[in-house]
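K.L.:
Residue numbers (this note's numbering), protein chains in the order written: chain A, 40 to 486; chain B, 2 to 302; chain C, 96 to 450. Cβ atoms here follow ideal geometry from the backbone N, Cα and C, with glycine treated the same way. Fair warning: this is a prediction, and the values are worked out from it, not measured in the lab.
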Amino acid sequence: MRPMFQRAASALLVTAALAAAPIAPGIALAEEQYMAVPSSRVGPYSAMGTGYYGGIIDYMTYVNKTGGVNGVQLTWAECETEYNAARTVECYQRLLTGPNGQKMVVFDTLGTPGAYAVINRMAEDEVVLAQFGYGRTDAADGRVWSWVFNAAGHYWSQIAVKMNFMAQVEGGVENMRGKKIVHLHIDSAYGREPLPAMRQIAEDWGVNLVEISIPPPGLEQKSQWLQIRRERPDWVTFWGAGSGMNATGMTEAARVGFPRDRMMYVTFGGAEEDMVPAGDAAVGTYVVANVVPGKDFPLVQQINEVVYGAGAGNLANPERVGTVYWNRGVAAAVMWVEALKNAQAIHGKDGQAVTGPEFRDGYEALDFTEEKLAELGMTGMIAPFKLSCEKHDGSGRFKIMQWNGEKFDIISDDFVAAPDEGFIRGLVEASAEKFASENGMTVRDCP
Amino acid sequence: MNPEILFFFEVLIGGLLAGVMYSLVALGFVLIYKASSVFNFAQGAMVFFAVLSFVGFMELGLPFFLALLVTVGLMILVGMATERFVLRPLVNQHEDTLLMATIGLAFVLEGLAQLVWGVEVRRLDLGIRDEPIMRIADATGIFVSVLDLVAGLVAAVMVAVLAIVFSRTKVGLGLRAVADGHGAAMSIGIPLRQVWVFVWAAAGIVALVAGMLWGARAGVQFALVGLALKALPVLIIGGFTSVPGVIVAGLIVGASEKIAEVYIGPYFGGGIEGWAPYMLAVLFLMFRPEGLFGERIIRRV
Amino acid sequence: MYYRQAGTYRTGYAQDMRLMPLKEDRILLGLVLVIAFAVLPFTASDYWLSAILIPWLCMSLVAMGQNILMGYAGQLSLGAAGFMAAGAFACYNLILRVEWMPFPVAILLSGLIAAAIGIVFGLPSLRVRGLYLAVATLASQFFIVWVIDKFGWFKNYDTSGIITAQDIVIFGKAFTSPAEMYLVVLTITVLLTWAAMNMARGSAGRNWQAVRDMDVAAEVMGLSLLRTKLQAFAISSFYCGVGGALFAFTYLKSVEPAAFDINLSFRVLFMVLIGGLGTIIGSFYGAGFILLLPVFLNIFFHALFGKAVDASITSALEQVIFGVLIILFMIYEPLGLAKLWQNLQERMRRWPFKF
Numbered sequence: 040m041r042p043m044f045q046r047a048a049s050a051l052l053v054t055a056a057l058a059a060a061p062i063a064p065g066i067a068l069a070e071e072q073y074m075a076v077p078s079s080r081v082g083p084y085s086a087m088g089t090g091y092y093g094g095i096i097d098y099m100t101y102v103n104k105t106g107g108v109n110g111v112q113l114t115w116a117e118c119e120t121e122y123n124a125a126r127t128v129e130c131y132q133r134l135l136t137g138p139n140g141q142k143m144v145v146f147d148t149l150g151t152p153g154a155y156a157v158i159n160r161m162a163e164d165e166v167v168l169a170q171f172g173y174g175r176t177d178a179a180d181g182r183v184w185s186w187v188f189n190a191a192g193h194y195w196s197q198i199a200v201k202m203n204f205m206a207q208v209e210g211g212v213e214n215m216r217g218k219k220i221v222h223l224h225i226d227s228a229y230g231r232e233p234l235p236a237m238r239q240i241a242e243d244w245g246v247n248l249v250e251i252s253i254p255p256p257g258l259e260q261k262s263q264w265l266q267i268r269r270e271r272p273d274w275v276t277f278w279g280a281g282s283g284m285n286a287t288g289m290t291e292a293a294r295v296g297f298p299r300d301r302m303m304y305v306t307f308g309g310a311e312e313d314m315v316p317a318g319d320a321a322v323g324t325y326v327v328a329n330v331v332p333g334k335d336f337p338l339v340q341q342i343n344e345v346v347y348g349a350g351a352g353n354l355a356n357p358e359r360v361g362t363v364y365w366n367r368g369v370a371a372a373v374m375w376v377e378a379l380k381n382a383q384a385i386h387g388k389d390g391q392a393v394t395g396p397e398f399r400d401g402y403e404a405l406d407f408t409e410e411k412l413a414e415l416g417m418t419g420m421i422a423p424f425k426l427s428c429e430k431h432d433g434s435g436r437f438k439i440m441q442w443n444g445e446k447f448d449i450i451s452d453d454f455v456a457a458p459d460e461g462f463i464r465g466l467v468e469a470s471a472e473k474f475a476s477e478n479g480m481t482v483r484d485c486p
Numbered sequence: 002m003n004p005e006i007l008f009f010f011e012v013l014i015g016g017l018l019a020g021v022m023y024s025l026v027a028l029g030f031v032l033i034y035k036a037s038s039v040f041n042f043a044q045g046a047m048v049f050f051a052v053l054s055f056v057g058f059m060e061l062g063l064p065f066f067l068a069l070l071v072t073v074g075l076m077i078l079v080g081m082a083t084e085r086f087v088l089r090p091l092v093n094q095h096e097d098t099l100l101m102a103t104i105g106l107a108f109v110l111e112g113l114a115q116l117v118w119g120v121e122v123r124r125l126d127l128g129i130r131d132e133p134i135m136r137i138a139d140a141t142g143i144f145v146s147v148l149d150l151v152a153g154l155v156a157a158v159m160v161a162v163l164a165i166v167f168s169r170t171k172v173g174l175g176l177r178a179v180a181d182g183h184g185a186a187m188s189i190g191i192p193l194r195q196v197w198v199f200v201w202a203a204a205g206i207v208a209l210v211a212g213m214l215w216g217a218r219a220g221v222q223f224a225l226v227g228l229a230l231k232a233l234p235v236l237i238i239g240g241f242t243s244v245p246g247v248i249v250a251g252l253i254v255g256a257s258e259k260i261a262e263v264y265i266g267p268y269f270g271g272g273i274e275g276w277a278p279y280m281l282a283v284l285f286l287m288f289r290p291e292g293l294f295g296e297r298i299i300r301r302v
Numbered sequence: 096m097y098y099r100q101a102g103t104y105r106t107g108y109a110q111d112m113r114l115m116p117l118k119e120d121r122i123l124l125g126l127v128l129v130i131a132f133a134v135l136p137f138t139a140s141d142y143w144l145s146a147i148l149i150p151w152l153c154m155s156l157v158a159m160g161q162n163i164l165m166g167y168a169g170q171l172s173l174g175a176a177g178f179m180a181a182g183a184f185a186c187y188n189l190i191l192r193v194e195w196m197p198f199p200v201a202i203l204l205s206g207l208i209a210a211a212i213g214i215v216f217g218l219p220s221l222r223v224r225g226l227y228l229a230v231a232t233l234a235s236q237f238f239i240v241w242v243i244d245k246f247g248w249f250k251n252y253d254t255s256g257i258i259t260a261q262d263i264v265i266f267g268k269a270f271t272s273p274a275e276m277y278l279v280v281l282t283i284t285v286l287l288t289w290a291a292m293n294m295a296r297g298s299a300g301r302n303w304q305a306v307r308d309m310d311v312a313a314e315v316m317g318l319s320l321l322r323t324k325l326q327a328f329a330i331s332s333f334y335c336g337v338g339g340a341l342f343a344f345t346y347l348k349s350v351e352p353a354a355f356d357i358n359l360s361f362r363v364l365f366m367v368l369i370g371g372l373g374t375i376i377g378s379f380y381g382a383g384f385i386l387l388l389p390v391f392l393n394i395f396f397h398a399l400f401g402k403a404v405d406a407s408i409t410s411a412l413e414q415v416i417f418g419v420l421i422i423l424f425m426i427y428e429p430l431g432l433a434k435l436w437q438n439l440q441e442r443m444r445r446w447p448f449k450f
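1. What is the residue span of the beta strand (DSSP E) that B/Y279 lies within?
2. Measuring only the C-alpha atoms, how far is C/T282 from C/Y187?
3. Work out the CA separation of C/F355 and C/G256 for me, nearest whole Å.
4. Hey, could you find the ends of the beta strand (DSSP E) B/D1 is sitting in?
5. Check whether the Cβ of A/M420 sits closer than 7 angstroms to any heavy atom of the ligand FAD, and report yes or no.
6. Looking at C-alpha atoms only, which residue of A/C428, A/L415, A/G416, A/T408 is the closest neighbour of A/A422?
7. Residues of chain A with a CB under 8 angstroms from the CB of C/N393: which are they?
8. Can a CB atom of chain A be found closer than 8 angstroms to the CB of B/W215?
9. Whole angstroms are fine: how far does the CA of B/I238 sit from the CA of B/L286?
10. For the alpha helix (DSSP H) containing C/F238, list its first residue and its last residue.
11. Can you tell me whether B/L67 is buried or exposed? The criterion is at least 16 other CB atoms within 10 Å of its CB, across all chains shown.
12. List, from N- to C-terminal side, the alpha helix (DSSP H) runs of 4 residues or more that fit wholly inside the segment 45–122 of chain B.
13. List the whole-angstrom C-beta distance separating C/A411 from B/G16, where the pair is believed to meet the contact cut-off of C-beta under 8 angstroms.
14. Listing by chain order, which chain B residues have their CB less than 8 angstroms from the CB of A/G82?
15. Between B/L228 and chain A, is the shortest Cβ-Cβ distance under 8 angstroms, so that the two count as touching?
16. So the beta strand (DSSP E) C/Q440 belongs to, where does it begin and stop?
17. According to DSSP, C/F270 sits in a beta bridge with which residue or residues?
18. At the 8 angstroms Cβ level, is B/S146 part of the contact set with chain A, yes or no?
19. To which residues does DSSP link A/Q132 through a beta bridge?
20. Which stretch, first to last residue, makes up the alpha helix (DSSP H) that contains A/P152?
21. Just verifying my parser: in three-state terms, what is the DSSP assignment at A/M420?
22. For B/M59, which residues from the same chain have a beta carbon less than 6 angstroms from its beta carbon, with the 5 sequence-adjacent residues on both sides left out?
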């Protein structure tokens with residue numbers, strides 16, 4: 040009940056303030072670092088956008104309240120993208136230079152369409168595109184995509200991890216021979232993104248792979264599920280977008296009697312927002328997580344205390360602290376802040392703002408060891424990983440979770456890796472090299 | 002029975018059931034078009050607004066039926082407000098102007114719904130089971146859920162009631178007169194305002210029902226706005242002005258798109274049901290340019 | 096007083112047939128063109144050029160195409176984004192596959208390809224009218240995007256299914272900075288606007304309007320409906336195709352087919368309705384309103400409140416205000432923004448008298 044009244048009250052406040060005089064622009068006092076927040080808070084992807092960007096903003100607020108980045112206060116500007124490629128380009132251009140005159144150093148669209156729309160601007164503008172587990176997979180090759188990162192695990196390692204988990208359940212890779220997997224995906228570039236890796240692994244393992252696509256918005260999937268019923272697959276990997284499509288996938292599965300504990304959802308379908316609307320039909324569904332949800336991590340508790348305790352939280356409903364998207368946003372912001380610290384250290388700018396190229400050096404120097412994660416209070420929240428000039432993808436490891444009707448149960452104690460990480464890396468490099476040669480891009484020499 | 006034939010029937014029945022769900026959404030369009038020759042662009046937004054408000058009231062602690070009642074009241078209010086602030090100032094304007102005004106209305110409703118209730122995705126539990134009824138499945142091998150049956154029943158009842166209202170009552174006569182011309186209807190003493198309020202409120206209630214049934218499956222969220230797209234081919238084939246046409250066309254669209262997707266789709270990598278119903282609609286239009294049950298267009302020079 | 100028709104004498108056919116008979120109009124237009132060509136490229140910031148002016152001009156072209164079909168020829172169509180996609184991907188493939196292809200030729204050809212597709216999907220218009228036609232044209236929208244999405248050839252078999260628009264090179268010079276790209280878009284827009292204005296008032300335009308007002312009557316008077324309607328579809332799709340190619344090459348730069356979805360088609364429809372049906376210049380106003388107003392609202396709200404208010408609330412409130420503004424505009428001036436401008440002109444002519 041309370042959130043509603045808060046919302047109504049704030050809405051009134053906005054309307055009242057509209058009539059009043061504009062607020063004077065803030066004047067920079069302490070050293071500042073400007074960050075860009077291209078959020079999507081209305082429209083079909085708003086549940087995801089409010090959680091993720093809420094997490095990012097909450098962590099930045101937390102950093103500011105606890106001394107900043109070596110004394111540098113974070114400042115940021117938000118822009119509404121409505122999860123739309125054209126609006127994202129506008130936001131990108133608008134946010135490029137902040138109100139304090141600084142240029143932005145990192146851009147995160149939380150979605151493949153937006154990332155694709157801006158991906159070619161990065162080198163020219165010297166901005167890091169931090170794809171947090173979405174977007175262009177072969178950007179993991181830092182020699183070709185020097186400004187693009189995929190630090191939370193990309194779709195190819197994600198699908199490999201899923202197939203590895205299936206093999207575990209089936210009792211080994213040798214038992215996968217002759218099994219049938221349906222890849223049920225939204226009919227878009229994003230839905231087909233895992234296929235190059237998936238087809239290869241399926242061929243190597245002797246798995247029968249069937250691809251079925253859902254035209255967006257996917258609130259109705261009867262023909263797809265009828266086909267699945269006829270195919271009688273052993274597993275379904277679901278690659279949907281938007282909680283309407285994701286929830287419908289589970290309710291339709293229930294209607295054709297397909298067992299939910301034979302379904303594995305993509306990271307962008309594996310959140311509370313996707314499971315809750317499906318009700319009982321969602322129970323048993325597997326999802327993988329690049330950032331583990333939960334409120335028990337010390338960092339999450341700290342943010343809860345420092346930020347929400349002071350009434351400065353960004354989420355309209357504080358209950359959503361610790362959910363999948365919010366935690367993911369926090370982890371994304373942690374990487375930004377750690378990269379800022381690295382950049383300051385590398386370039387001898389302690390306590391000063393850094394530029395785009397300096398930030399990139401800092402991002403490439405990210406090294407999340409177990410000790411580092413413990414120090415940050417996020418042990419077990421993300422897998423340890425280290426980036427470098429050529430390696431722009433993170434750990435490529437995921438935890439397997441299962442929805443129990445209330446929340447996600449963590450099935451795997453440790454993060455699960457792809458069966459053959461070198462193989463995925465090879466695919467990434469081959470694809471990136473093909474892209475570079477076709478588009479006349481220079482391949483960077485990494486030390 | 003031969004499993005392939007059985008499967009065909011399953012696809013067919015699945016399609017028919019999906020078609021019923023499309024008809025529910027399309028019904029709201031027909032209501033408003035019939036009474037004011039306006040293509041109501043805001044119908045999708047009304048579905049979203051109505052069902053989100055319903056779930057919102059339940060979250061505030063109202064019991065199911067009270068929340069339903071309050072939401073119905075709210076949709077009547079929306080209908081009245083629409084008449085007062087949008088339609089009344091636009092009496093006798095061209096259809097395109099009214100269409101554009103309903104687009105504005107769609108933005109207002111979408112924005113208001115998200116402003117008041119927030120953007121979280123809600124679950125709507127109607128207490129109706131959406132799993133295959135085992136008795137039917139065992140006997141025939143065909144999967145039908147209780148929710149499917151309820152949706153079909155609700156659609157049939159709504160269509161029947163509205164068809165009777167339109168053809169047999171005085172209100173219905175007034176509605177049809179208004180559709181032929183605002184000025185002419187007013188000049189013979191038909192209370193235009195009441196007719197419009199009635200129709201928009203009715204469309205709002207239809208939207209609520211459609212939203213509840215869809216929301217039970219897909220969750221209550223913004224994506225419901227996009228349902229309007231599914232209704233368009235239904236409207237074309239059925240005719241914008243025919244209430245019974247909606248249900249027949251819904252069944253045709255549902256069945257044919259599922260059959261196309263399952264049997265033809267795989268040859269093209271799937272995903273053809275996005276456009277197949279529109280192609281079908283074009284084919285139908287080649288033979289009957291005003292839809293199956295639409296009023297025959299007579300044009301004089 | 097300074098803006099009037101009285102005293103304008105026409106002494107020859109050439110003068111009589113001028114696009115703008117009023118001297119004041121010509122001066123105003125000249126001024127606008129000088130600012131657009133000579134002042135803005137040097138003074139406007141990169142944000143204004145690349146995020147506001149370029150998309151606005153591109154979408155104005157598309158809206159113009161929609162307006163030719165809908166406002167002049169009276170054929171309600173909802174396939175604009177599909178034809179934009181056709182133009183964009185045609186342009187990409189032409190430049191990719193034909194080595195010597197200069198950019199202006201590629202743009203022209205992609206417009207023509209879109210026009211050819213437009214003719215095919217315009218065929219139902221011979222039998223179907225009004226809303227029924229609109230929904231029938233949606234078939235083209237879904238089908239074109241589906242074909243491009245499904246067949247890798249159109250995207251040169253990119254693993255992610257997106258294309259990267261090539262640099263614009265004209266006579267060996269690369270046009271890559273925002274100001275340079277803006278000039279390319281502006282030149283094409285001005286040329287096509289001039290062509291559209293002349294078509295609209297010439298015999299083609301009169302034929303379209305005859306068909307719009309009453310096609311049976313037009314046919315009785317000896318007009319070929321087949322030719323007139325398909326011509327309107329072809330020219331409209333040409334404009335959409337060129338607009339789409341420019342949108343992809345100067346604004347989005349990396350494009351996935353899904354960027355040209357049905358919502359974009361709807362937005363083009365809104366642009367025409369709010370700009371004013373049957374007015375070429377209204378396409379610019381409409382595109383500006385639908386494309387830029389939400390952006391300005393967003394900028395305004397963020398400037399006003401900064402971080403003081405939850406952006407979820409301001410974003411939703413922006414939508415409400417946008418909707419209210421549309422309704423208000425329709426009530427105040429149902430004929431669109433172009434009519435507002437016309438009213439202003441008329442008032443200026445009479446000034447200082449009331450009537």
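P.N.:
A quick look at the data gives this:
1. Note, B/Y279: premise wrong, no beta strand (DSSP E); alpha helix (DSSP H) at 277–288.
2. 20 angstroms
3. Going from the Cα of C/G256 to the Cα of C/F355 covers about 14 angstroms.
4. No information on residue 1 of chain B is available, as it lies outside the stretch 2 to 302 that chain B covers here.
5. No copy of the ligand FAD occurs in the structure displayed, which carries no ligand at all.
6. A/T408
7. Contacts between C/N393 and chain A, judged by CB atoms closer than 8 angstroms, involve C118, E119 in chain order.
8. yes
9. 7 angstroms
10. 225–245
11. exposed
12. 65–83, 96–118
13. About 37 angstroms separates the two Cβ atoms, so there is no contact after all.
14. F223
15. It does; some Cβ of chain A falls within 8 angstroms.
16. Counting along the chain, C/Q440 falls outside any beta strand (DSSP E), though it belongs to the alpha helix (DSSP H) covering 432–445.
17. C/I263
18. yes
19. In DSSP, A/Q132 forms no bridge with anything.
20. 151–157
21. Reduced to three states, the DSSP call for A/M420 is coil.
22. A68
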